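The structure appears right after this line, and notes come after that.
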Amino acid sequence: MFLPSSQEMPSLETSWSTEVRSVRLLFLELVQMKLSDTTKRVLGDRNINRTDHSVNSTLSSHNAHDSPC
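When we follow UniProt numbering, the leftmost residue of the sequence shown carries the number 1, and every step to the right adds one.
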């Protein structure tokens, strides 16, 4: 196992804080990507529902006797 000398410790410490900062930034980026991905998925579902009116109307007319609508 390699143990750094006392002179190398400060550089190790600063690199550690830089690492923590970069991990934190990466985490925030991932959260933002996830949020935007979810938003795109929701909007995409709405667009799919909009374009699938023919399928939905076929299904609703097929199930018209089941529901009062």
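Note that the Cβ used here is the ideal one computed from N, Cα and C, for glycine as well. What you are looking at is a predicted structure, and each value in this text was computed from that prediction instead of being measured.
What does the alpha-carbon distance come out to for the pair residue i and residue j?
i     : j     : result
Thr14 : Gln32 : 27 Å
Leu28 : Asp37 : 14 Å
Leu26 : Gly44 : 26 Å
Lys34 : Thr18 : 24 Å
Leu30 : Arg41 : 16 Å
Thr39 : Val20 : 29 Å
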